[in-house]
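Following: one structure in structure tokens, then a few remarks.
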Amino acid sequence: MRPLHAAAAALTISVMGAAIVAGGRAVLQGENGRVAARAQAGMAAQSDAPATSAIPRPKAARPEAHSRAIDPEVVAPPQLQPEELERVEPRAPLSDLALAGPPKPPKLKMPDDWNGTKLFQPVAPAAGVIEAKGYSVAISGIDIVRQDETCADGGKSWTCGSRARTAFRAFLRGRAVVCAVPPEGGRDLIAAECRVGNQDVGQWLIENGWARAAEGGPYVEAGEKARTARKGVFGPAPSLAGLPPAPAPVAAAQPTQLILDPSATASPPTETTATPPADQPAPSE
């Protein structure tokens with residue numbers, strides 16, 4: 567029985583293979599027929615079309631599309647009757663932090679431990695005026711002696727303003743000055759009390775006579791003492807006896823003749839004698 571079964575199976579397989587091959591050939595022939603029909607139809611269409619059909623037609627310019635198309639009939643708000651609207655009160659804020667408080671006033675009050683503002687590297691344009699760190703401070707309680715002011719003593723006038731400025735600069739010597747001025751400077755001249763260390767600047771100017779005490783100020787008594795003692799601007803011109811003499815003015819150099827000037831008379835050459843060399847010591851053995 568086994569050989570019979572094997573022969574039947576082999577026959578079945580061969581029959582199925584023959585059927586598959588026949589079906590594939592039929593499908594291939596049908597596909598080839600359709601392709602040939604399409605090719606013939608295309609050739610016929612090309613023979614009937616005009617010669618200019620191969621030229622591509624120019625594309626019509628499309629209008630530029632806006633980024634956002636707005637239709638007034640769509641986006642317009644709907645028409646509402648006034649009687650349909652009702653105004654209601656706004657709700658209360660969720661927290662007090664959302665409420666806008668009143669503007670805060672500027673901080674003009676100085677702290678309790680404030681002792682003044684330090685002005686480093688002060689410059690004195692006049693006796694009693696200090697410029698530093700964006701400030702322009704005039705010492706309060708005094709009448710400033712201007713730089714161009716002159717004083718008279720015994721019928722003689724002298725430049726007491728520049729002399730007072732020089733003395734004030736020598737007193738400062740670039741040291742830091744502490745003045746009762748606000749923390750931020752300005753362009754205006756500020757009258758304030760100043761000190762260098764523990765020394766009152768106004769007191770020093772009045773006592774040495776390099777400023778005049780203002781009426782009703784704190785330095786009136788010191789100003790009277792300086793006037794009585796004829797100090798500073800109240801006294802005579804400073805003596806110049808101990809100073810070295812002024813240098814003599816330098817005379818203007820006379821013009822020299824040009825080297826290539828043909829009109830210049832050449833002076834005869836002077837004979838010079840060569841200096842004989844000094845005797846050199848004999849070399850040491």
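One gets the numbering used here by counting positions in the sequence shown from 1 and adding 566 to each.
All C-beta atoms in this analysis are idealised placements derived from N, C-alpha and C, irrespective of residue type, glycine included.
Quick caveat: nothing in here was measured; it's all calculated off a predicted structure.
Nearest to residue i (by Cα), restricted to the options the options
i      : options                        : result
LEU738 : TRP724, ILE756, GLY768, GLY700 : GLY768
PRO691 : ASN681, ASP714, THR683         : ASP714
ALA746 : PRO688, VAL711, ILE756         : ILE756
ALA704 : VAL581, ARG796, VAL743         : VAL743
PRO749 : ILE696, GLY783, ASN681         : ASN681
THR683 : ALA585, ALA758, THR578         : ALA758
Chain-order list of residues whose beta-carbon lies under 7 angstroms from that of residue i (same chain, five-residue window excluded)
i      : result
TYR785 : GLY707, ILE708, GLY768, GLN769, ILE772, ALA779
ARG735 : ALA690
PHE800 : GLY775, ALA792, ARG793
GLN687 : ALA698, GLY740
ARG628 : none
SER728 : GLN713
THR725 : THR716
LEU685 : ILE696, ALA698, LYS699, TYR701, ALA742, VAL743, CYS745
MET582 : none
Inter-residue CB distance, residue i and residue j (contact presumed, cutoff 8 angstroms)
i      : j      : result
GLY763 : GLY798 : At roughly 22 angstroms, the Cβ-Cβ gap does not stay under 8 angstroms, so GLY763 and GLY798 are not in contact.
PRO802 : ASP719 : 4 angstroms
ALA777 : GLY694 : 5 angstroms
PRO659 : LEU665 : 6 angstroms
ILE710 : CYS760 : At roughly 13 angstroms, the Cβ-Cβ gap does not stay under 8 angstroms, so ILE710 and CYS760 are not in contact.
Those residues which DSSP pairs with residue i across a bridge
i      : result
CYS760 : CYS745
ALA704 : VAL695, ALA757
ARG852 : Past the edges of the chain, shown from 567 to 851, lies residue 852, and the structure says nothing about it.
SER723 : ALA718
ALA685 : One detail in the question is off: residue 685 reads as Leu in this sequence, not Ala. Answer by DSSP bridge pairing, in chain order: VAL743.
ASP766 : ARG761
Neighbourhood of residue i by C-beta, 6 angstroms cutoff - its chain only, sequence neighbours within 5 removed
i      : result
ALA576 : none
Own chain residues within Cβ distance below 8 angstroms of residue i, not counting five before or after
i      : result
GLY783 : SER706, GLY707, ILE708
SER723 : THR716, CYS717
ARG753 : SER702
ALA733 : ALA693, ASN774, TRP776, GLY798
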